[in-house]
Amino acid sequence: MVQSLGYLKELPSQTAGPYVHIGCTPNFSGIEGVYDTDLGSGPLYNDKTKGERITVRGHVFDGAQTPLKDALIEIWQADADGFYNSPSETRGTADPNFFGWARCPGDMATGEFVFETIKPGRVPFNDGRLMAPHITFWIVARGINIGLQTRMYFGDEEEANAQDPVLARIEHKVRVPTLIAEREGDTYTFNIRLQGADETVFFDI
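The letter at position 53 of the sequence shown is residue 52 when you use numbering that gives the first Met the number 0, and the numbering goes up by one with no holes.
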(Lines of atoms letter the chains of each structure in order from A; the text may use other names.)
(Lines give C-alpha, C1' and ligand atoms only; values in the text may rest on other atoms or scores of the structure.)
Protein backbone atom coordinates (compact mmCIF):
# COMPACT_ATOMS: atom_id res chain seq x y z
CA MET A 0 0.00 0.00 0.00
CA VAL A 1 1.38 3.41 -0.96
CA GLN A 2 1.24 5.95 1.86
CA SER A 3 0.40 9.57 1.23
CA LEU A 4 3.30 11.99 0.89
CA GLY A 5 2.05 13.99 3.85
CA TYR A 6 2.18 11.04 6.24
CA LEU A 7 5.76 11.61 7.40
CA LYS A 8 6.23 15.29 8.07
CA GLU A 9 9.28 17.17 9.17
CA LEU A 10 9.45 17.59 12.92
CA PRO A 11 9.88 20.99 14.54
CA SER A 12 13.45 22.10 15.09
CA GLN A 13 14.89 21.87 18.58
CA THR A 14 17.87 23.53 20.15
CA ALA A 15 21.10 21.58 20.37
CA GLY A 16 20.61 21.24 24.11
CA PRO A 17 23.27 20.54 26.72
CA TYR A 18 24.16 17.14 25.24
CA VAL A 19 25.48 18.22 21.84
CA HIS A 20 29.09 17.88 23.00
CA ILE A 21 28.47 14.43 24.43
CA GLY A 22 27.10 13.23 21.11
CA CYS A 23 29.51 15.04 18.78
CA THR A 24 32.72 15.33 20.81
CA PRO A 25 32.62 12.67 23.55
CA ASN A 26 36.38 12.71 24.20
CA PHE A 27 36.26 16.47 24.68
CA SER A 28 33.40 15.90 27.13
CA GLY A 29 35.45 13.38 29.14
CA ILE A 30 33.72 10.30 27.73
CA GLU A 31 36.49 8.08 26.42
CA GLY A 32 36.31 4.79 24.55
CA VAL A 33 33.60 5.75 22.06
CA TYR A 34 36.08 6.93 19.42
CA ASP A 35 39.86 7.05 19.45
CA THR A 36 39.57 10.74 18.61
CA ASP A 37 36.54 12.96 18.18
CA LEU A 38 35.28 13.08 14.61
CA GLY A 39 36.65 16.15 12.86
CA SER A 40 39.24 17.02 15.50
CA GLY A 41 42.84 17.85 14.70
CA PRO A 42 44.40 19.55 11.65
CA LEU A 43 42.67 19.32 8.29
CA TYR A 44 45.97 18.45 6.66
CA ASN A 45 48.96 16.12 6.92
CA ASP A 46 52.58 16.54 5.88
CA LYS A 47 51.72 15.79 2.23
CA THR A 48 48.89 18.30 1.85
CA LYS A 49 49.38 21.04 -0.72
CA GLY A 50 48.83 24.64 0.28
CA GLU A 51 49.65 27.29 2.83
CA ARG A 52 49.19 26.22 6.45
CA ILE A 53 47.11 28.67 8.47
CA THR A 54 45.37 28.85 11.83
CA VAL A 55 41.83 30.16 12.22
CA ARG A 56 40.75 31.19 15.70
CA GLY A 57 37.92 33.17 17.20
CA HIS A 58 34.93 33.29 19.53
CA VAL A 59 31.16 33.15 19.18
CA PHE A 60 29.65 36.14 21.00
CA ASP A 61 26.05 36.53 22.17
CA GLY A 62 24.06 39.76 22.08
CA ALA A 63 25.70 40.97 25.28
CA GLN A 64 29.14 40.52 23.68
CA THR A 65 29.87 37.60 25.99
CA PRO A 66 31.71 34.60 24.48
CA LEU A 67 29.62 31.44 24.36
CA LYS A 68 31.32 28.59 26.16
CA ASP A 69 29.14 25.81 24.76
CA ALA A 70 29.26 26.53 21.03
CA LEU A 71 30.19 23.81 18.55
CA ILE A 72 31.63 24.92 15.22
CA GLU A 73 32.14 23.00 12.00
CA ILE A 74 33.96 24.21 8.89
CA TRP A 75 33.86 23.06 5.28
CA GLN A 76 36.19 24.34 2.58
CA ALA A 77 37.93 23.68 -0.71
CA ASP A 78 41.53 22.58 -1.00
CA ALA A 79 44.37 24.82 -2.20
CA ASP A 80 43.30 24.32 -5.84
CA GLY A 81 39.63 25.07 -5.20
CA PHE A 82 38.32 21.49 -5.21
CA TYR A 83 36.11 19.95 -2.53
CA ASN A 84 36.76 16.58 -0.91
CA SER A 85 33.30 15.36 -1.85
CA PRO A 86 31.76 12.67 -4.10
CA SER A 87 29.79 15.47 -5.78
CA GLU A 88 32.98 17.24 -6.89
CA THR A 89 32.98 16.88 -10.68
CA ARG A 90 35.36 19.68 -11.74
CA GLY A 91 38.56 17.88 -10.83
CA THR A 92 40.29 15.75 -8.24
CA ALA A 93 40.61 17.11 -4.73
CA ASP A 94 43.83 16.76 -2.78
CA PRO A 95 43.53 13.32 -1.12
CA ASN A 96 45.65 14.57 1.77
CA PHE A 97 43.26 17.37 2.66
CA PHE A 98 40.17 16.50 4.69
CA GLY A 99 38.07 19.55 3.88
CA TRP A 100 35.90 19.36 7.01
CA ALA A 101 36.50 19.73 10.73
CA ARG A 102 34.63 20.19 14.00
CA CYS A 103 35.73 22.13 17.06
CA PRO A 104 33.99 22.81 20.36
CA GLY A 105 34.67 26.16 21.94
CA ASP A 106 37.01 26.10 24.91
CA MET A 107 34.87 25.64 28.03
CA ALA A 108 36.78 28.35 29.89
CA THR A 109 37.27 30.98 27.20
CA GLY A 110 34.93 29.96 24.39
CA GLU A 111 37.72 30.12 21.82
CA PHE A 112 37.68 27.80 18.80
CA VAL A 113 40.80 26.95 16.80
CA PHE A 114 41.21 25.23 13.41
CA GLU A 115 44.49 24.21 11.81
CA THR A 116 43.88 24.23 8.06
CA ILE A 117 45.16 25.54 4.73
CA LYS A 118 44.17 28.60 2.76
CA PRO A 119 41.54 27.49 0.22
CA GLY A 120 41.56 28.18 -3.49
CA ARG A 121 38.85 29.99 -5.41
CA VAL A 122 35.67 28.11 -6.30
CA PRO A 123 33.19 29.03 -9.07
CA PHE A 124 29.76 30.41 -8.22
CA ASN A 125 26.81 28.70 -9.90
CA ASP A 126 27.07 31.11 -12.83
CA GLY A 127 30.77 30.39 -13.34
CA ARG A 128 32.18 33.53 -11.73
CA LEU A 129 34.96 32.81 -9.27
CA MET A 130 34.23 33.36 -5.60
CA ALA A 131 36.94 34.66 -3.31
CA PRO A 132 38.71 32.14 -1.08
CA HIS A 133 36.44 31.40 1.87
CA ILE A 134 35.62 28.89 4.58
CA THR A 135 32.03 27.91 5.37
CA PHE A 136 31.10 27.86 9.07
CA TRP A 137 28.23 26.07 10.82
CA ILE A 138 27.49 27.10 14.41
CA VAL A 139 25.28 25.39 16.95
CA ALA A 140 24.75 25.99 20.67
CA ARG A 141 22.02 25.96 23.28
CA GLY A 142 19.28 28.39 22.29
CA ILE A 143 19.96 28.13 18.55
CA ASN A 144 17.01 26.37 16.93
CA ILE A 145 18.66 25.77 13.56
CA GLY A 146 22.42 25.65 13.00
CA LEU A 147 23.68 28.98 11.67
CA GLN A 148 25.59 29.14 8.39
CA THR A 149 28.12 31.82 7.58
CA ARG A 150 31.37 32.33 5.71
CA MET A 151 34.82 33.56 6.56
CA TYR A 152 36.65 35.54 3.90
CA PHE A 153 40.30 36.59 4.06
CA GLY A 154 41.29 40.17 4.75
CA ASP A 155 44.40 39.89 2.57
CA GLU A 156 42.34 38.95 -0.51
CA GLU A 157 40.95 42.42 -1.23
CA GLU A 158 40.81 42.05 -5.01
CA ALA A 159 39.13 38.64 -4.92
CA ASN A 160 36.71 39.82 -2.23
CA ALA A 161 35.71 42.78 -4.39
CA GLN A 162 34.84 40.37 -7.21
CA ASP A 163 33.01 37.82 -5.05
CA PRO A 164 29.40 37.33 -6.26
CA VAL A 165 28.12 36.34 -2.80
CA LEU A 166 29.58 39.37 -1.04
CA ALA A 167 28.16 41.52 -3.85
CA ARG A 168 24.65 40.32 -2.98
CA ILE A 169 24.80 41.66 0.57
CA GLU A 170 22.56 44.71 0.45
CA HIS A 171 23.98 46.54 3.46
CA LYS A 172 27.66 46.88 2.58
CA VAL A 173 28.52 48.04 6.10
CA ARG A 174 27.92 44.45 7.19
CA VAL A 175 30.41 42.87 4.78
CA PRO A 176 33.31 43.32 7.24
CA THR A 177 31.56 40.90 9.62
CA LEU A 178 32.64 38.15 7.20
CA ILE A 179 36.26 39.25 6.87
CA ALA A 180 39.02 37.70 9.00
CA GLU A 181 42.14 39.74 9.61
CA ARG A 182 45.57 38.17 9.41
CA GLU A 183 48.47 38.34 11.83
CA GLY A 184 51.37 36.07 10.90
CA ASP A 185 49.86 32.74 9.85
CA THR A 186 46.75 33.25 12.01
CA TYR A 187 43.37 34.63 10.95
CA THR A 188 40.97 35.88 13.64
CA PHE A 189 37.28 35.42 12.89
CA ASN A 190 34.76 36.34 15.58
CA ILE A 191 31.10 35.44 15.10
CA ARG A 192 28.50 37.72 16.68
CA LEU A 193 24.98 36.35 17.03
CA GLN A 194 23.26 39.68 17.73
CA GLY A 195 23.97 43.36 18.09
CA ALA A 196 25.34 46.19 15.98
CA ASP A 197 28.09 44.01 14.48
CA GLU A 198 25.95 40.90 13.99
CA THR A 199 27.58 38.48 11.57
CA VAL A 200 25.88 37.95 8.22
CA PHE A 201 24.26 34.50 8.22
CA PHE A 202 23.09 32.63 5.14
CA ASP A 203 19.90 30.68 4.54
CA ILE A 204 21.32 27.51 3.01
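We put the CB at the ideal spot given by N, CA and C, even for glycine. Values in this document were obtained by computation on a predicted structure and should not be read as measured data.
Item checked: Between the CA atoms of F189 and I30 - distance to the nearest angstrom -> Here residue 30 is taken as the residue at index 31 of the sequence shown, counted from 1. Here residue 189 is taken as the residue at index 190 of the sequence shown, counted from 1. Each residue's Cα considered, the two are about 29 Å apart.
Notebook entry, point to check: Where DSSP assigns a beta bridge to A101, which residues make up the other side?
Noted result: Position 102 of the sequence shown, counting from 1, holds the residue named residue 101. Paired residues: I74.
Checklist line | Spatial distance of M107 from N125 (CA atoms) | finding: As a first step, residue 107 is located in the sequence shown; it is residue number 108 there, counting from the start. As a first step, residue 125 is located in the sequence shown; it is residue number 126 there, counting from the start. The straight-line gap from Cα to Cα measures roughly 39 Å.
Notebook entry, point to check: Ordered along the chain, which non-local residues of its own chain (more than five positions away) have a Cβ less than 6 Å from that of R102?
Noted result: One-based indexing of the sequence shown puts residue 102 at position 103. Excluding positions up to five away in sequence, the list reads G39, E73.
Check: Which residue spans inside the stretch 162-196 form an unbroken beta strand (DSSP E) run of at least 3?
Finding: Here the runs fully enclosed are 179-183, 186-188.
Check: In chain order, which beta strand (DSSP E) runs of at least 3 residues are fully inside the stretch 111-141?
Finding: Whole beta strand (DSSP E) segments, 3+ residues: 112-117, 133-139.
Check: How far does the alpha helix (DSSP H) with I53 in it reach, from first residue to last?
Finding: By one-based count along the sequence shown, residue 53 stands at place 54. Run containing I53: none in the alpha helix (DSSP H); it sits in the beta strand (DSSP E), 52-57.
Note to self: By DSSP's criteria, Y44 is part of a beta bridge. Which residues make up the other side?
What the structure shows: In the sequence shown, counting from the first residue as 1, residue 44 sits at position 45. Its beta-bridge partners are F97.
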